[in-house]
Amino acid sequence: MKVCVIGTGYVGLVAGTCFAETGNDVVCMDVDEDKVVSLRKGEVPIYEPGLEGMMRRNVAEERLRFTTDLSEAVKSSLIVFIAVGTPQGDDGSPDLSYVLAAARGIACNMNGYKIIVNKSTVPVGTADRVRQEISALTRFQFDVVSNPEFLKEGAAIEDFMKPDRVVIGTYEVRVAEIMKELYGPFTRTGAPVLVMDPRSAEMTKYAANAMLASRISFMNEVANLCEHVGADVHWVRQGMGLDRRIGSSFLFPGVGYGGSCFPKDVKALIALAREHNYPLKLVGAIEEVNRLQKSVIVDKMIKFYSSGLADQLDDLKQMTPAQVEQAAQMVTPAASEGFKTGDYSYQLSLDAAKIPDMTLTRKDMETTSRIVSEREQSRDGSPIKGKTFALWGLSFKPQTDDIREAPSLTIIEQLLKLGAEVQAYDPEATEPTRKIFGKQVRYARTNYDALRDADALILVTEWNVFRNPDFQKIRSLLKYPVIFDGRNQYNPVEMKELGFLYFGIGRRS
Ligand SMILES: NC(=O)c1ccc[n+]([C@@H]2O[C@H](COP(=O)([O-])OP(=O)(O)OC[C@H]3O[C@@H](n4cnc5c(N)ncnc54)[C@H](O)[C@@H]3O)[C@@H](O)[C@H]2O)c1
-6 MKVCVIGTGY VGLVAGTCFA ETGNDVVCMD VDEDKVVSLR KGEVPIYEPG
44 LEGMMRRNVA EERLRFTTDL SEAVKSSLIV FIAVGTPQGD DGSPDLSYVL
94 AAARGIACNM NGYKIIVNKS TVPVGTADRV RQEISALTRF QFDVVSNPEF
144 LKEGAAIEDF MKPDRVVIGT YEVRVAEIMK ELYGPFTRTG APVLVMDPRS
194 AEMTKYAANA MLASRISFMN EVANLCEHVG ADVHWVRQGM GLDRRIGSSF
244 LFPGVGYGGS CFPKDVKALI ALAREHNYPL KLVGAIEEVN RLQKSVIVDK
294 MIKFYSSGLA DQLDDLKQMT PAQVEQAAQM VTPAASEGFK TGDYSYQLSL
344 DAAKIPDMTL TRKDMETTSR IVSEREQSRD GSPIKGKTFA LWGLSFKPQT
394 DDIREAPSLT IIEQLLKLGA EVQAYDPEAT EPTRKIFGKQ VRYARTNYDA
444 LRDADALILV TEWNVFRNPD FQKIRSLLKY PVIFDGRNQY NPVEMKELGF
494 LYFGIGRRS
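Take -6 as the starting number for the sequence shown in my numbering and just add one per residue.
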């Protein structure tokens, strides 16, 4: 089939390449000339595993090409996908200007019947708006289809080639058949193609993303509460996830969700509901919990560095792993109670009176999250002023260079405002981060370089390369053996045995 994809971002480029891979004749069009120039040279401007090789092969075999010429792209195609960005507008609702500009551009360049497919994530009713815009500008017949995309960055090719389902929003049986034919190669293994009305298709995308975001926020709340009650979220998560009604995915607590979809789509759903005078109570809470969770690591750091224990870090550096292990036990309130009542048979070199209670109150979380919104620097009295932190992971999740709404950005901003220095490492997302923070952050060449003379390691994104590092090397490079693990990647018991003061999220050691 002759296919045109407008917009060559994470979605458009993957969709266009996968359609070409299954034998279609595809032209990808973008208004960004530099992007098109590099795509023509075979350079993929984003990091997406497997994409570059597949793209180059399809270009070489002349099934895939790139252009800035909308007229030629539309005229040469039967099916025209709109896959442009829908960034968040000022009131939380998506900015549809790119989608509507693309729609008008298509209308002005039609030379016959077209199927116009909206793949961008858009509010309910947008297919109708697109139809109106186009019909005002053309005399040719056309149909508008809503075909939301569910791929995940980092596994986009895999998701597109083997979708869980394909959603097609159209009233036209004939159009649905053509779309099914286009998606046929991807659904041969039995993935359902759901044909529904366009409004339900548009709503499905928002509801799915809000559901996934709600699981993350729910588990973050559970993890925070685990710290108050002395439970370990590691076990709670598994105990819940093995229930088939619940399932185990998207139940990992951490530093909050980011990326170009969840934050924007949750806010868009809230705005849509408000517009229809039916404010969503649950969805509002998902967003608020996530906002606070992005500061959970800095909340913990403030507690830790305000405590007497932090003053004794020089002693800690001299201690054997076994002594650190004992000291680390003191950091949980339950254990410190034990210490106070003299339940321990050994003499600790740390002062029990200074052992901090690391559980976070609502007020702790509110205070840190306010720091970033305050205009003034908050260095006076900052317990982390002048300290240096190694930060592993900048992208909003592993296997992508996308830093849109990444928790790392909030954490860096808070650390800088509190007068700390940051030495960051990420396998793919250094350059996009440099564009935001410039020289305010030092960017390390390797994950170990980031540790040199740092007061502690903060793990923010769970890239594979961070999963099983050389802990002896970490200990020798860091100024003090302290780890704040924002993704619960490491085992608290092992960390203590290795001589680290270790702080996870909702973990008990
Ligand atoms: N990124 C994801 O993981 C993902 C997943 C599912 C759905 N979506 C949705 O898909 C849409 C696209 O997301 P993305 O991440 O690919 O965006 P992106 O920002 O990476 O890319 C958008 C591209 O569209 C181009 N563009 C803008 N206006 C144009 C126009 N009038 N004509 C031609 N090109 C134009 C831009 O230059 C850019 O290259 C959004 O609505 C998003 O919410 C994204």
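Glycine included, every Cβ here is placed at the ideal spot set by N, Cα and C.
- As the crow flies, the alpha-carbon of Gly105 is around 38 Å from that of Gly252.
- In this structure, the beta-carbon distance from Ile451 to Pro246 does not fall below 8 Å.
- Ranked by Cα distance from Ser64, the options Gly46, Leu187, Asn102 and Thr79 are led by Asn102.
- When distances are taken from the beta-carbon of Asp23 to the heavy atoms of ligand 1, the shortest one is below 7 Å.
- For Ser31, same chain residues with a beta-carbon under 7 Å away, outside a window of 5 residues either side, are Pro38 in chain order.
- By the beta-carbon neighbour count (other beta carbons within 10 angstroms, threshold 16), Tyr3 is buried.
- Taking 7 Å as the cut-off, the C-beta of Leu89 does not count as close to any heavy atom of ligand 1.
- About 7 Å separates the Cβ atoms of Ala417 and Ala437, confirming a contact at the 8 Å cut-off.
- In this structure, Cys254 has its CB closer than 7 Å to one or more heavy atoms of ligand 1.
- In the structure shown, Glu45 adopts helical secondary structure according to DSSP, grouped into three states.
- Pairing Gly412 with Ser375, the inter-Cα distance amounts to about 7 Å.
- Relative to Ala120, the option among Thr163, Ser469, Val67 and Leu387 whose CA is nearest is Thr163.
- Under the three-state reduction of DSSP output, Gly0 falls in the coil class, being neither helix nor strand.
- Here Trp456 is buried, its C-beta having at least 16 other C-beta atoms within 10 Å.
- In this structure, the CA atom of Gly479 is about 19 Å from the CA atom of Leu205.
- With respect to Glu26, Thr61 sits close: the two C-beta atoms are nearer than 8 Å.
- Within the same chain, and ignoring the five residues on either side of Ala216 in sequence, the residues whose Cβ sits closer than 6 Å to its Cβ are Val226, Pro246, Ile498 and Gly499.
- Distance from the CA atom of Val458 to the CA atom of Ser469, rounded to whole angstroms, is 19 Å.
- Non-local C-beta neighbours of Phe12 in its own chain, meaning closer than 6 Å and more than five positions away in sequence, comprise Val(-4) and Val19, ordered along the chain.
- Closest by C-alpha distance to Ser241, out of Ala264, Arg208, Lys390 and Tyr250, is Arg208.
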